[in-house]
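All remarks here apply to the structure that follows.
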Amino acid sequence: MAVLKLSLFSNNLPDFFIIDHGGLADIAKIETEEDRRNATFQWTGPSLNFGERGMLVRAVAPPGFCLLIATFDNFRIHSKFFTGITDPQVKAQVIEESTYVLEQAEIDPNQASFRSVKFPDRLIRHRNFELFAEPVVTPDELQSACFRIDQPLHPADF
Numbered sequence: 006m007a008v009l010k011l012s013l014f015s016n017n018l019p020d021f022f023i024i025d026h027g028g029l030a031d032i033a034k035i036e037t038e039e040d041r042r043n044a045t046f047q048w049t050g051p052s053l054n055f056g057e058r059g060m061l062v063r064a065v066a067p068p069g070f071c072l073l074i075a076t077f078d079n080f081r082i083h084s085k086f087f088t089g090i091t092d093p094q095v096k097a098q099v100i101e102e103s104t105y106v107l108e109q110a111e112i113d114p115n116q117a118s119f120r121s122v123k124f125p126d127r128l129i130r131h132r133n134f135e136l137f138a139e140p141v142v143t144p145d146e147l148q149s150a151c152f153r154i155d156q157p158l159h160p161a162d163f
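The structure is reproduced here in C-alpha cells:
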C-alpha cells in the first residue's frame, strides 16, 4: 500500500495550512522550513477516496503523532504521540479519537472534510485559526470545515 503524504490548506483562507504547533493543531501561513515540516502529514487510509477512514499523522520527525480530538479541551484538535502508548485500552481510545472519514466537503464537493468516527456529528474545522471538531451547519462553518488536499510541503523523513 502506498504511503499518502499530503498537506491541507483552508478552502476559505488558501494561504493557511493545517499545522502542528507544538502539540496543538492550527491553521497558519507557512513562513519557515519548520512550518513546512509541521504542515506535512500522512493519511493512513488506503486511499484519498471519499468514504475512506484514516488518521492524519505527522509525516516528518518526530514520528508517531496524530491529530486527536481532545474532549478534555472543548474538542480542540491536539497533536498526540500515540505509537509509544503501551496500555492497549488507552492506545485504542486515542486511535478511535483520531480516526476520521474523508468526505466531500458540502460547501465545495471538489474538496475534503474530515468527519470524526467517534463523534460523527463533528468535522474538523478552523475557528479563530485553531482547529476543533465541531458540528457545522451555517455556510461559514461549512466553509471552515473544507480543506484542499495538496502535495506535501516537505519531503517525508521516513
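Just so you know, the sequence shown maps onto residues 6 to 163 in this note's numbering.
Virtual Cβ for every residue (Gly too), placed ideally from N, Cα, C.
A residue is called buried when at least 16 other Cβ atoms come within 10 angstroms of its Cβ; Arg63 meets this threshold and is buried.
In the three-state scheme derived from DSSP, where H, G and I count as helix and E and B as strand, Ala44 is classed as coil. In the DSSP assignment, Asp145 falls within the unbroken alpha helix (DSSP H) covering Pro144 to Ser149.
Inclusion of Leu61 and Ser103 in the CB contact set at 9 Å is warranted, their separation being smaller than that value.
Unbroken beta strand (DSSP E) runs of no fewer than 3 residues, entirely contained in the region 107-142, are found at 117-121, 128-132 and 135-139, following chain order. Taking C-beta atoms as the reference points, Phe55 and Ala138 fail to come closer than 9 Å.
Under the three-state reduction of DSSP output, Ala97 falls in the helix class.
Assignment of Phe77 by DSSP, reduced to helix, strand and coil, places it in the helix class.
Going by beta carbons, Ala30 and Ile82 fall inside the 9 Å limit. Closest option to Phe77, judged by alpha-carbon separation, among Ala66, Val99 and Phe46: Val99. Nearest neighbour of Thr49 by Cα position, chosen from Leu158, Pro67, Asp92 and Cys71, turns out to be Cys71. Under the three-pair Cβ rule at 8 Å, the region 85-94 does not count as touching the region 115-130.
When the five nearest sequence neighbours on each side are left out, the beta carbons in the same chain lying within less than 8 Å of the beta carbon of Phe87 are those of Gly69, Phe70, Cys71, Leu73, Lys96, Val99, Ile100 and Ser103, in order along the chain.
The continuous beta strand (DSSP E) containing Asp31 extends over residues Leu29 to Lys34. Apart from the 5 residues on each side of it in sequence, Ser121 sits with its Cβ closer than 7 Å to the Cβ of Ile74, Tyr105, Arg127 and Ala138 in its chain, given in chain order. With a contact defined as Cβ atoms closer than 8 Å, Asp113 and Leu13 miss out at about 14 Å.
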